[in-house]
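Report on one structure; see the data block that follows.
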Amino acid sequence: MTRGIVLAAGKDTRMKSTMPKVLHEICGRPMLWHVLEALRAAGIEEIVVVTSRELEPALGAFGVRGVVQEPQHGTGHAVQMALAALETRDGTLVVANGDMPLVDKTIFEDVQAAVDADAGTALGLVTARMPLPSSFGRIVRNDATVERIVEFRDCTADEREIDEMNAGIYAFDERALRGVIGRLSSDNAQGEFYLTDTVGLLVAESRRVVPVQAIDFRLVLGVNDRVELATARAAMNERLCHAHMRNGVTIVDPATTYLEPGIAIGADAVIAPNTAIGGSSTIGERARIGPNTRLVNARIGADAAIVESVVLDTVVGAKTTVGPFAHLREGNVIAGGVHIGNFVEVKNARIAAGAKAGHLAYLGDATIGENANIGAGTITCNYDGVNKNPTTIGRDAFIGSNSSLVAPVTIGDGALTGAGAVVIRDVPAGDRVVGNPARSIAAKKPASA
Ligand code: UD1
Ligand code: CA
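This note's numbering applies: residue 2 is where the sequence shown begins, and numbers increase by one.
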């Protein structure tokens with residue numbers, strides 16, 4: 002069973018942040034999450050993260066063990082700390098920088114395969130050809146064989162011209178790594194113990210180092226400052242968009258569509274520009290989302306349309322239309338064939354099939370029956386200053402414009418409130434009320450009768 006070590010204790014000075022670098026997010030997930038996800042997808046489940054004191058408290062959320070490296074004397078020192086905390090085993094140990102969120106599982110599979118292929122191989126080393134200039138460590142070869150890695154700040158002018166880079170991903174034969182890790186020196190431009198010096202040490206012992214070239218250098222780009230953070234985010238977002246498009250989703254403008262991992266979108270859905278879809282959102286087939294829309298943990302049914310709106314922690318049924326400019330806040334369950342129109346805010350509401358709230362309403366802590374019609378300006382007055390109270394509106398009820406429904410209150414099936422009614426008492430099924438406070442005028446036949 003291959004074990005993994007992720008290096009994440011670095012001082013991250015170039016981020017100029019009080020938050021550890023690997024907690025900065027790319028497409029809604031911390032950088033570290035992306036690296037761990039790729040390692041796990043490649044079958045590496047037992048992972049130790051070398052961490053700073055600042056980062057350590059956050060590690061619980063990632064389900065990994067942390068080893069604190071304090072002070073931080075470089076990537077080689079970080080691996081020394083990790084090895085000291087791990088019992089010795091025969092087998093492969095994958096080491097990866099924690100600041101390369103674009104890695105995928107294939108890289109980890111390939112580099113493991115390289116070291117596992119032959120018992121004489123001490124190290125599989127991921128390299129990448131990259132446009133210059135670059136501040137990555139350079140791979141120095143002697144003919145075809147890798148001889149050593151030289152860090153950018155220690156490079157001669159000639160070495161800076163080398164365009165094959167050290168990606169920061171290594172699959173070591175653990176015994177071979179333990180054999181050389183204690184012999185690193187800090188006699189270099191940064192005064193640090195470089196993990197990269199293990200390459201020269203292994204080669205000097207005639208151990209084989211097998212380079213594994215990444216198919217695309219963008220997979221191994223590191224994030225050291227916020228410019229690189231934005232570049233990595235754009236690349237990750239493009240990758241997510243491409244995956245959905247290849248699955249049959251139309252994304253009109255990937256550059257202004259912001260997706261997160263962990264969402265699902267049905268075939269023939271259309272995502273219009275300037276739309277963000279995150280959390281655990283799922284979108285049904287042929288749904289139309291956007292433009293200018295944000296969905297977080299939304300479950301949108303097939304053929305629904307969400308236009309220029311915000312939808313959070315809400316279920317929206319098939320063929321329901323929302324927006325423009327609707328705000329569906331947490332906890333709503335909205336059935337199919339509903340219409341929620343412009344400037345309608347809905348929170349913790351259950352809305353049954355065929356109901357309509359076309360304009361300018363606040364529906365909070367409400368249960369709304371089938372085919373009820375909610376007039377413009379309707380407010381469920383759900384908060385009395387102390388408690389949140391429920392409003393129930395029956396099926397086929399008609400709520401007149403600017404009605405204030407003072408909760409807790411129930412409007413019966415087929416009942417009607419007149420424009421401007423202030424309803425402070427329950428309205429029986431089929432009744433009609435008007436005024437402030439609302440009084441019954443003449444009952445009509447209940448819809449259910
Ligand atoms: C490192 C490599 C370089 C490679 C590049 C790829 C070394 C010496 N250099 O350079 O060859 O091209 O990655 O992105 O390894 N870290 C610790 N403890 C420390 C120092 C760093 O855990 O004491 C962690 C950092 O948090 C980071 C990773 O190790 O996640 C790499 O460190 P960083 O300082 O970013 O190294 P680079 O200069 O990018
Ligand atoms: Ca780095």
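The beta carbon of each residue, even a glycine, is placed where N, CA and C say it ideally should be.
Beta-carbon contacts of residue i that lie in its chain and below 6 Å, excluding the five residues immediately before and after
{"i": "Asn374", "result": "Lys357 and Phe399"}
{"i": "Gly421", "result": "Asn403"}
{"i": "Glu47", "result": "Arg4"}
{"i": "Asp254", "result": "Pro274"}
{"i": "Ile278", "result": "Leu260, Ile264 and Leu296"}
{"i": "Arg66", "result": "Val49"}
{"i": "Asn437", "result": "Val423"}
{"i": "Ala354", "result": "Ala336, Gly337, Gly338 and Glu371"}
{"i": "Arg15", "result": "Asn225 and Asp226"}
{"i": "Thr411", "result": "Thr393 and Asp427"}
For residue i, the three-state DSSP class (helix, strand or coil)
{"i": "Asp174", "result": "strand"}
{"i": "Gln73", "result": "coil"}
{"i": "Lys389", "result": "strand"}
{"i": "Leu87", "result": "coil"}
{"i": "Val200", "result": "helix"}
{"i": "Ala450", "result": "Low confidence applies to Ala450: its pLDDT is 49, below 50, so where it sits in the model is not reliable, and the reading given next is rough at best. DSSP places Ala450 in coil when its eight states are reduced to three."}
{"i": "Gly1", "result": "Missing from the structure shown is residue 1; the chain here goes from 2 to 450 and no further."}
{"i": "Gln191", "result": "coil"}
{"i": "Ala114", "result": "helix"}
{"i": "Asn225", "result": "coil"}
{"i": "Pro21", "result": "coil"}
{"i": "Met2", "result": "coil"}
{"i": "Pro255", "result": "helix"}
{"i": "Gly357", "result": "First, the amino acid is wrong: residue 357 is Lys here, not Gly. Reduced to three states, the DSSP call for Lys357 is strand."}
{"i": "Leu1", "result": "In the structure as shown, the chain begins at 2 and stops at 450. Residue 1 is therefore absent and cannot be evaluated."}
{"i": "Phe344", "result": "strand"}
{"i": "Ile496", "result": "Because the chain in this structure spans residues 2 to 450, residue 496 falls outside the shown range and cannot be described."}
{"i": "Gly279", "result": "strand"}
{"i": "Pro58", "result": "helix"}
{"i": "Thr107", "result": "helix"}
{"i": "Thr157", "result": "coil"}
Straight-line Cα distance separating residue j from residue i
{"i": "Ala450", "j": "Gly29", "result": "Below a pLDDT of 50, predicted positions are generally treated as unreliable, and Ala450, at 49, falls in that range; no measurement from the model is reported."}
{"i": "Val181", "j": "Asn248", "result": "47 Å"}
{"i": "Val211", "j": "Thr122", "result": "7 Å"}
{"i": "Gly489", "j": "Ser405", "result": "No statement about residue 489 is possible, as the shown extent of the chain runs from 2 to 450 and does not include it."}
{"i": "Val49", "j": "Gly376", "result": "58 Å"}
{"i": "Lys22", "j": "Ile352", "result": "43 Å"}
{"i": "Cys156", "j": "Arg139", "result": "8 Å"}
{"i": "Ala85", "j": "Lys12", "result": "21 Å"}
{"i": "Ala443", "j": "Val435", "result": "10 Å"}
{"i": "Arg219", "j": "Lys106", "result": "14 Å"}
{"i": "Val147", "j": "Thr89", "result": "27 Å"}
{"i": "Ala145", "j": "Thr197", "result": "19 Å"}
{"i": "Asn333", "j": "Glu55", "result": "38 Å"}
{"i": "Arg183", "j": "Thr257", "result": "Reading off the sequence shown, one finds Gly at residue 183, where the question assumed Arg. Taking the straight line from one Cα to the other gives about 49 Å."}
{"i": "Phe153", "j": "Gln73", "result": "19 Å"}
{"i": "Gly61", "j": "Leu241", "result": "27 Å"}
{"i": "Gly431", "j": "Asp397", "result": "9 Å"}
{"i": "Thr276", "j": "Ile216", "result": "31 Å"}
Own chain residues within Cβ distance below 8 Å of residue i, not counting five before or after
{"i": "Val112", "result": "Val95, Gly125, Leu126, Val127, Ile170, Tyr171, Ala172 and Val213"}
With 16 other Cβ atoms within 10 Å as the buried cut-off, status of residue i
{"i": "Asn349", "result": "buried"}
{"i": "Glu331", "result": "exposed"}
{"i": "Asp159", "result": "exposed"}
{"i": "Arg130", "result": "exposed"}
{"i": "Met453", "result": "Shown here, the chain extends from 2 to 450; a query on residue 453 therefore has no answer."}
{"i": "Ser282", "result": "buried"}
{"i": "Gln70", "result": "buried"}
{"i": "Gly318", "result": "buried"}
{"i": "Lys320", "result": "buried"}
{"i": "Arg176", "result": "exposed"}
{"i": "Leu392", "result": "Before going further, note that residue 392 is Thr rather than Leu in the sequence given. Under this definition Thr392 is a buried residue."}
{"i": "Leu185", "result": "buried"}
{"i": "Asp174", "result": "buried"}
Minimum Cβ-Cβ distance from residue i to chain C less than 9 Å
{"i": "Glu286", "result": "Any reference to chain C falls outside this structure, which holds one protein chain only."}
Beta-carbon separation (whole angstroms), residue i vs residue j, contact threshold 8 Å
{"i": "Asn383", "j": "Gly365", "result": "4 Å"}
{"i": "Leu8", "j": "Asn98", "result": "5 Å"}
{"i": "His340", "j": "Thr322", "result": "5 Å"}
{"i": "His328", "j": "Glu346", "result": "5 Å"}
{"i": "Gly395", "j": "Ala362", "result": "Not quite, the Cβ-Cβ distance comes to about 17 Å (not below 8 Å), so this is no contact."}
{"i": "Ile466", "j": "Ile272", "result": "No statement about residue 466 is possible, as the shown extent of the chain runs from 2 to 450 and does not include it."}
{"i": "Ala43", "j": "Phe109", "result": "4 Å"}
{"i": "Gly267", "j": "Ala288", "result": "7 Å"}
{"i": "Gly285", "j": "Tyr195", "result": "With a Cβ gap of about 52 Å, Gly285 and Tyr195 do not count as contacting."}
Residues near residue i in its chain [Cβ-Cβ closer than 7 Å; skip 5 each side]
{"i": "Pro102", "result": "Ile27, Met32, His35, Val36, Val224, Ala233 and Met237"}
{"i": "Asn298", "result": "Gly280, Ser281, Ser282, Leu313 and Asp314"}
### Message
I need the residues with a C-beta less than 6 Å from some heavy atom of ligand 4; please give them in chain order.
### Response
Ligands in the displayed structure: ligand 1 and ligand 2; ligand 4 is not one of them.
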